[in-house]
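Notes for the one structure printed next.
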């Protein structure tokens with residue numbers, strides 16, 4: 158296929174529409190269709206792929222009162238909202254790869270999209286951190302699993318405020334744009350360095366804190382397991398730690414690789430493509446992990462599709478003795 162002439166944004170060359178680019182874009186779009194909407198696996202009784210999509214999981218977590226009443230599940234719903242917005246914008250990004258003329262024709266719209274997708278990505282970090290410490294406080298019986306503690310509500314607002322700062326600075330500075338096959342900072346634009354520093358020194362530590370919080374949570378449950386004499390605790394502790402070990406490890410690795418490659422100029426078209434696909438996959442990691450490790454949500458999703466009786470749905474608190482009902 159004959160290549161189209163290269164175009165530029167602020168002197169930066171963007172994609173040449175060659176065969177490889179079209180292949181990248183096709184995979185870029187199909188990755189989301191396969192993960193989120195593909196119905197070929199819907200007939201699988203054990204774990205329907207359609208039911209495992211973020212959108213279906215999110216729908217169930219919003220509609221089911223038994224799930225929605227738990228504080229931790231309400232925080233997970235906030236994560237799912239941010240992930241949904243990212244996936245919609247990622248889908249549009251795939252179209253921008255196929256039709257790069259629109260990146261040049263509507264640069265303001267593209268950069269506003271960039272500000273929104275970057276803010277939604279980064280705001281998940283403090284929410285994950287808050288979710289970790291909320292679970293610890295619930296298990297230690299310092300807060301109720303059903304009512305949001307005022308202090309935790311303040312921290313939740315702070316997390317959204319941090320994301321709002323990223324969004325406002327992104328819209329004002331227009332520094333996050335789609336170039337070639339990936340989103341990246343335009344370092345020549347205002348506030349690009351500031352937001353990148355916020356990402357490394359304010360948002361990334363939230364994920365690290367989340368990881369160590371779950372380590373502490375697992376250690377605490379192990380130390381109290383013998384006294385509790387509850388056979389469900391070993392499985393409960395492993396589910397919690399494995400869930401967020403996967404989520405936090407994937408996100409930390411992605412952020413580090415993304416920033417290291419940008420700082421030292423190690424990126425290539427293939428690497429940019431892989432990193433962007435990993436970003437898309439990261440939006441599915443949490444809901445898929447919820448489906449795998451949270452039996453209550455899994456039962457509700459299966460009931461939503463008529464694959465399990467609604468009477469089998471049970472939600473219990475995550476607090477420790479004297480009530481050992483591991484709802485996670």
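Residue numbers (this note's numbering): 158 to 485. C-beta: ideal position from N, C-alpha, C; glycine also.
With respect to the 8 Å criterion, residue 378 and residue 405 are not classified as neighbours on the basis of their beta carbons. Residue 334 carries a strand assignment under DSSP once its states are collapsed to helix, strand and coil.
Note that the C-beta distance between residue 348 and residue 268 is not below 8 Å.
A straight-line Cα-Cα distance of about 26 Å links residue 353 and residue 371. For the 8 Å CB-CB criterion, residue 292 and residue 374 form a contact.
Taking C-beta atoms as the reference points, residue 407 and residue 442 count as a pair closer than 8 Å. Around the CB of residue 308, fewer than 16 other CB atoms lie within 10 Å, so the residue is classed as exposed. Between residue 273 and residue 238, the CB-CB gap reaches or exceeds 8 Å.
Here the C-alpha atom of residue 425 lies approximately 14 Å from the C-alpha atom of residue 434. Rounded to whole angstroms, residue 236 and residue 283 show a C-alpha spacing of 10 Å.
Annotated as proximal: residue 360 and residue 279, with beta-carbon spacing under 8 Å. Distance from the CA atom of residue 255 to the CA atom of residue 337, rounded to whole angstroms, is 10 Å. The Cβ-Cβ distance between residue 447 and residue 295 does not fall below 8 Å. DSSP, reduced to helix, strand and coil, places residue 261 within a helical segment of the structure shown.
Taking 8 Å as the cut-off, the beta carbon of residue 275 is found closer than this to the beta carbon of residue 327.
For residue 358, there is no enclosing alpha helix (DSSP H), since its DSSP letter is neither H nor E. Secondary structure at residue 299: coil, using DSSP grouped into helix, strand and coil.
Under the DSSP assignment, residue 429 falls in the alpha helix (DSSP H) whose first and last residues are 426-450.
Annotated as distal: residue 229 and residue 285, with beta-carbon spacing of 8 Å or more. Taking all protein chains shown into account, residue 430 has 16 or more neighbouring C-beta atoms within 10 Å of its C-beta and is therefore buried.
Between residue 346 and residue 321, the C-beta gap is not smaller than 8 Å, which leaves the two residues out of contact. Your pair residue 440 and residue 287 does not check out as a contact, with CB atoms roughly 19 Å apart and the cut at 8 Å. Of all alpha-carbon atoms in 381, 306, 355, 450, the one lying nearest the alpha-carbon of residue 416 is that of 355.
Note: residue 339 is bridge-paired with 336 in the DSSP secondary-structure output.
Per DSSP, reduced to three states, the secondary structure at residue 324 is helical.
By the neighbour-count criterion, in which 16 or more other beta carbons inside 10 Å mark a residue as buried, residue 341 falls on the buried side. Comparing alpha carbon positions, the residue from 249, 312, 437, 358 closest to residue 290 is 312.
Shown here, residue 283 sits in a helix according to DSSP, grouped into three states.
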